[in-house]
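Residue 269 is where the sequence shown starts when you use my numbering, and the numbers rise one by one after that. Below: the structure, in structure tokens.
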Amino acid sequence: MSNKINSFEEYLSEYKKSVEDPESFWASKAEDFEWMKPWDKVLEWNFKEPKIEWFINGKLNITQNCLDRHLHSRGDQVAILWEPNDPKDNAISFTYSELYEQVCKTANMLKNNGAKKGDRICIYMPMIPELAIAVLACARIGAIHSVVFAGFSAKALADRIQDCDCNIVLTSDGAYRGAKSIALKKIVDDSLVTCPMIDTVIVLKRTGEPVTMEEGRDVWWHDEMKECSSDCTPTEMDAEDELFILYTSGSTGKPKGVVHTTGGYMVYTEYSFKNVFQYNEGDIYWCTADIGWITGHSYIIYGPLLSGATTLMFEGVPTWPDAGRFWDIVEKHNVNIFYTAPTAIRALQACGDEFVNGRDMNSLRVLGTVGEPINEEAWTWYNEKVGNKNCPIVDTWWQTETGGILISPLAGHTPLKPSYATLPLPGVQPLLVDNEGKEIEGNGVEGNLCMKFPWPSIIRTTYGDHERCRQTYFSTYENLYFTGDGCKRDENGLYRITGRVDDVINVSGHRLGTAEIEDAIDEYDNVVETAVVGYPHAIKGQGVYAYVICHSPDVDHDLMRQEILSKVTEIIGPIAKPDKIQFVTGLPKTRSGKIMRRILRKIAEGETDKLGDITTLLDPSVVEEIKSGALSN
Ligand code: 7RM
Numbered sequence: 269m270s271n272k273i274n275s276f277e278e279y280l281s282e283y284k285k286s287v288e289d290p291e292s293f294w295a296s297k298a299e300d301f302e303w304m305k306p307w308d309k310v311l312e313w314n315f316k317e318p319k320i321e322w323f324i325n326g327k328l329n330i331t332q333n334c335l336d337r338h339l340h341s342r343g344d345q346v347a348i349l350w351e352p353n354d355p356k357d358n359a360i361s362f363t364y365s366e367l368y369e370q371v372c373k374t375a376n377m378l379k380n381n382g383a384k385k386g387d388r389i390c391i392y393m394p395m396i397p398e399l400a401i402a403v404l405a406c407a408r409i410g411a412i413h414s415v416v417f418a419g420f421s422a423k424a425l426a427d428r429i430q431d432c433d434c435n436i437v438l439t440s441d442g443a444y445r446g447a448k449s450i451a452l453k454k455i456v457d458d459s460l461v462t463c464p465m466i467d468t469v470i471v472l473k474r475t476g477e478p479v480t481m482e483e484g485r486d487v488w489w490h491d492e493m494k495e496c497s498s499d500c501t502p503t504e505m506d507a508e509d510e511l512f513i514l515y516t517s518g519s520t521g522k523p524k525g526v527v528h529t530t531g532g533y534m535v536y537t538e539y540s541f542k543n544v545f546q547y548n549e550g551d552i553y554w555c556t557a558d559i560g561w562i563t564g565h566s567y568i569i570y571g572p573l574l575s576g577a578t579t580l581m582f583e584g585v586p587t588w589p590d591a592g593r594f595w596d597i598v599e600k601h602n603v604n605i606f607y608t609a610p611t612a613i614r615a616l617q618a619c620g621d622e623f624v625n626g627r628d629m630n631s632l633r634v635l636g637t638v639g640e641p642i643n644e645e646a647w648t649w650y651n652e653k654v655g656n657k658n659c660p661i662v663d664t665w666w667q668t669e670t671g672g673i674l675i676s677p678l679a680g681h682t683p684l685k686p687s688y689a690t691l692p693l694p695g696v697q698p699l700l701v702d703n704e705g706k707e708i709e710g711n712g713v714e715g716n717l718c719m720k721f722p723w724p725s726i727i728r729t730t731y732g733d734h735e736r737c738r739q740t741y742f743s744t745y746e747n748l749y750f751t752g753d754g755c756k757r758d759e760n761g762l763y764r765i766t767g768r769v770d771d772v773i774n775v776s777g778h779r780l781g782t783a784e785i786e787d788a789i790d791e792y793d794n795v796v797e798t799a800v801v802g803y804p805h806a807i808k809g810q811g812v813y814a815y816v817i818c819h820s821p822d823v824d825h826d827l828m829r830q831e832i833l834s835k836v837t838e839i840i841g842p843i844a845k846p847d848k849i850q851f852v853t854g855l856p857k858t859r860s861g862k863i864m865r866r867i868l869r870k871i872a873e874g875e876t877d878k879l880g881d882i883t884t885l886l887d888p889s890v891v892e893e894i895k896s897g898a899l900s901n
């Protein structure tokens with residue numbers, strides 16, 4: 269297969285080429301695709317503004333490369349294999365020809381409803397095939413998709429719709445999640461009270477529950493699809509035309525709309541998919557992420573479909589009807605490549621080995637993880653129980669902003685080391701810097717992880733606020749992209765990501781800003797001030813620990829805890845709910861008024877004897893009070 273690296277030696281030589289001459293390296297990868305017009309120049313960039321352009325003046329449509337390009341050679345091969353929430357219901361598959369037809373019809377449906385190139389379309393849907401189809405239909409007509417994870421609240425949805433000024437929302441009546449059903453359309457209705465920019469809501473029937481349809485605004489998906497033709501010429505896009513926006517949390521303010529563009533994202537997601545997972549023709553590939561996150565965008569939809577793979581999409585949850593659900597699906601569909609998050613592995617490991625034992629998982633060849641550091645116990649269990657000690661585990665490090673996997677073993681080629689993401693992919697040039705921005709050279713060192721050269725799927729801007737993009741990623745260290753992660757490089761030059769060095773926390777692989785959670789808690793009437801930190805959590809990786817100061821301290825604390833949880837659920841969603849809430853009368857602040865989170869983190873971790881220097885605090889006595897009231901772990 270073209271573009272595929274077949275040995276570690278080949279990796280080393282490809283890596284060398286990619287650094288010595290990045291432009292010809294990436295041009296050779298891009299040549300494998302169908303371009304409506306070739307590019308004039310491969311790359312122009314500076315990290316100052318930043319301005320990054322790949323495949324300049326090249327014209328293409330990514331769906332032509334995901335679909336049309338494969339029709340001749342693999343029209344009858346399954347493109348999407350969908351496993352529903354309820355194991356008693358049948359799986360549904362779409363061949364490449366069928367997917368092509370559905371995408372074209374849906375694209376025409378969007379056009380009939382007024383969608384045009386450059387419009388932002390919000391997609392708030394469960395993990396059903398129509399979600400993937402909707403994403404591709406937007407890309408077909410050049411509309412910019414903004415997928416919002418269906419676990420976010422009405423308020424969070426409204427913020428995202430407003431920020432990028434969407435005109436259409438695609439949703440469903442409801443969603444199934446394990447034993448529960450969630451009234452999605454109702455959440456959309458609530459959010460649209462503050463979103464006058466939305467003129468159309470297209471509603472798919474999934475659960476059949478009753479919904480309110482607003483006359484003149486809401487239409488049924490199946491009605492709108494009826495007359496649509498399955499011919500839809502792909503809209504010509506510039507390589508740098510925006511493909512999608514995806515919101516992600518940072519250390520300050522509201523989530524940012526990360527913008528990815530068409531050409532570079534296409535080239536990089538395909539290249540990284542094939543190489544990291546060592547995809548072979550005919551493999552059944554399953555990534556358990558939700559399409560509401562970047563992992564779903566790049567490695568359920570785009571990477572696999574660009575590569576002509578069969579991508580499995582699962583609607584349900586890992587623990588329903590029981591903790592053997594993932595392994596049943598592996599057995600049932602003969603999954604060859606399986607990609608999940610450490611938090612899911614830990615949760616399933618905690619349920620006991622009986623759910624893995626007894627399932628035939630011999631089809632598995634490659635395992636992957638993403639989203640957070642994987643601890644050795646989880647790694648060992650995954651390797652032994654799931655992989656039967658004969659599947660390489662690729663620990664893939666990347667971010668919403670990177671578009672694709674940057675540091676990871678290539679399955680079967682790169683020597684593995686548990687909890688290490690190991691080595692950069694070709695085209696990726698990491699470096700470690702100290703807090704002053706000075707490069708830390710050599711091996712056996714630790715520092716802040718940066719990138720010194722652009723790769724094709726690097727973030728281009730944050731929607732509507734380019735300055736924020738510059739500030740967040742390109743201003744901390746001059747001429748470098750700063751990831752926000754801390755990282756070790758061992759004696760052999762292998763990379764191990766140690767976690768965020770900023771105020772971002774990673775709860776069950778979901779990225780959350782502590783400031784965002786604090787703002788949500790502060791919305792509660794009786795709250796004066798809040799400080800949120802992460803602390804180690806056996807299953808979630810990190811848990812949310814909130815220190816809260818109340819106006820009237822003699823309230824019923826249990827009741828108030830409940831109400832704070834509802835407030836956070838209402839403003840962000842259940843994923844951001846604090847695991848622990850400690851009521852305090854003061855927070856450790858410096859004389860300039862900055863909260864010293866380092867101290868709060870240590871207390872939350874239970875390391876009250878390692879607080880370090882607290883003499884710079886305005887009032888060191890608050891520390892004693894917080895320590896004595898700390899909630900045991
Ligand atoms: C893909 C995704 C990004 C943050 C990132 C890290 C953490 C992701 C790993 C990891 C250690 C890994 N995008 N992270 N993968 N940490 N090892 N293999 O997760 O934008 O949602 O989060 O996640 O801190 O900066 S994300």
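Backbone N, C-alpha and C fix where the C-beta goes; we use that ideal spot for every residue, glycine too. None of these values were measured; they are calculated from a predicted model.
Short CB-CB distance (under 8 Å) between residue i and chain C
i             : result
threonine 468 : Protein chain content of the structure displayed is limited to a single chain, and chain C is not contained in it.
Per-residue burial, residue i [other beta carbons within 10 Å of its own, 16 or more giving buried]
i              : result
proline 502    : buried
arginine 614   : buried
methionine 304 : exposed
asparagine 435 : buried
proline 641    : buried
proline 221    : Outside the modelled stretch of the chain, which goes from 269 to 901, sits residue 221, for which no answer is possible.
asparagine 711 : exposed
arginine 633   : buried
lysine 808     : buried
tryptophan 663 : Sequence inspection shows aspartate at residue 663; the tryptophan mentioned does not correspond to that position. When all chains shown are included, aspartate 663 counts as buried.
Proximity to residue i [Cα-Cα], best of the options
i                 : options                        : result
isoleucine 455    : Gly576, Glu492, Leu399, Val416 : Val416
isoleucine 324    : Pro318, Lys309, Lys316, Phe315 : Lys309
tyrosine 650      : Leu580, Leu616, Asn333, Ala359 : Leu616
tryptophan 723    : Val823, Asp457, Asp733, Lys319 : Lys319
phenylalanine 315 : Glu735, Asn625, Val775, Arg866 : Glu735
arginine 764      : Val772, Gly754, Ile894         : Gly754
cysteine 737      : Ile727, Tyr745, Ile470         : Ile727
glutamate 351     : Ser361, Gln345, Gly343, Asp344 : Ser361
tyrosine 547      : Gly560, Leu574, Ser519         : Leu574
alanine 375       : Val598, Cys718, Cys496         : Cys496
glycine 584       : Asn602, Ala612, Gly571, Ile605 : Ala612
glutamate 510     : Val823, Tyr731, Tyr279         : Tyr731
glycine 781       : Thr363, Asn381, Glu549, Pro846 : Pro846
leucine 699       : Gly518, Thr682, Tyr688, Phe721 : Phe721
valine 603        : Ala618, Asp354, Thr556, Glu645 : Thr556
valine 816        : Leu399, Ile839, Ala898         : Ala898
leucine 425       : Ile409, Val287, Asp458         : Asp458
Cβ-Cβ separation, residue j to residue i (assumed contact under 8 Å), whole Å
i             : j              : result
lysine 835    : isoleucine 789 : 7 Å
threonine 462 : serine 725     : Contact doesn't hold; Cβ gap of about 33 Å is too wide.
lysine 327    : aspartate 427  : The Cβ separation is near 34 Å, so there is no contact.
alanine 237   : arginine 474   : What is shown of the chain runs 269 to 901, which leaves residue 237 out entirely.
leucine 349   : isoleucine 552 : 7 Å
serine 449    : glutamate 477  : 7 Å
Host beta strand (DSSP E) of residue i (start-end)
i                 : result
aspartate 753     : 749-757
alanine 345       : The sequence given here places glutamine at residue 345; alanine does not occur at that position. Premise fails: glutamine 345 is in no beta strand (DSSP E) and is neither H nor E.
threonine 798     : 795-805
asparagine 764    : Here residue 764 is arginine; the residue named in the question, asparagine, does not match the sequence. Start and end: 763-768.
phenylalanine 323 : 319-324
asparagine 774    : 772-775
asparagine 716    : 713-719
isoleucine 552    : 552-555
threonine 516     : 510-516
leucine 780       : 778-781
Range of the contiguous alpha helix (DSSP H) that encloses residue i
i                 : result
phenylalanine 851 : It is not in any alpha helix (DSSP H) - phenylalanine 851 instead sits in the beta strand (DSSP E) that spans 848-852.
alanine 814       : It is not in any alpha helix (DSSP H) - alanine 814 instead sits in the beta strand (DSSP E) that spans 809-818.
glutamate 538     : 530-544
glutamate 902     : In the structure displayed, the chain extends from 269 to 901; residue 902 sits before or after that span and is not available.
Taking the runs of the beta strand (DSSP E) that are 3 residues or longer, which of them lie wholly in the segment 559-609?
Taking only runs of at least 3 residues, the beta strand (DSSP E) segments lying wholly in the segment 559-609 are 578-582, 605-608.
Just list the beta strand (DSSP E) runs in the segment 618-705, keeping only unbroken ones of 3 residues or longer that don't cross its boundaries, in chain order.
If we require 3 residues or more, the beta strand (DSSP E) runs fully inside the segment 618-705 come out as 634-638, 661-664, 698-701.
In the segment 417-500, which residue ranges form an unbroken beta strand (DSSP E) of at least 3 residues, counting only runs that do not cross its ends?
List check, beta strand (DSSP E) in window: 436-440, 443-445, 448-450, 468-472, 486-488.
Report the start-end ranges of each alpha helix (DSSP H) in the segment 334-419 that is 4 residues or longer and not cut off at the edges.
337-342, 364-380, 397-409
Mind listing, in chain order, the continuous beta strand (DSSP E) runs of no fewer than 3 residues lying wholly within the segment 284-309?
Runs of the beta strand (DSSP E) inside the segment 284-309: none found.
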